[in-house]
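Presented below is the structure to which this report refers.
Numbering (my numbering), first residue to last: -11 to 113.
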């Protein structure tokens, strides 16, 4: 690297003096664009939240009659011939698991004595 020539020095000084002012306009536009982007992202997130809420409310599982849902729950706690008895205190198994899904399922699970008539406890755990 050689030092700049005298002819080049004046050009470099001019760049150093004028560039900060030239950067102000693009910087202002960038700041405005960032603010606009943040507002758009916020609006999108709000719309996405409403979309997800509406989808959840329209989900077909919500229209299943209570009696049918209770019957489905009873099948969840019946053990198949090849399975061992599940631990009745295991929160990862029915009916405990079913009662944690939503308020309706909790009410149905708690108020369905058929789900709680067969208890198997594993004292080796």
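Built from N, CA and C at the ideal position, the CB exists for glycine as well. What you are looking at is a predicted structure, and each value in this text was computed from that prediction instead of being measured.
The criterion of a C-beta distance shorter than 7 angstroms is satisfied by residue 87 and residue 94. Secondary structure of residue 57 (DSSP, three-state): helix.
Listed in chain order, the non-local C-beta contacts of residue 78 below 8 angstroms within the same chain comprise 84, local neighbours out to five positions each way being set aside.
Annotation for residue 78: no alpha helix (DSSP H) segment contains it, and DSSP assigns it neither H nor E. In the DSSP assignment, residue 106 falls outside any alpha helix (DSSP H) and carries neither an H nor an E.
Between residue 34 and residue 82, the alpha-carbon positions lie close to 35 angstroms from each other.
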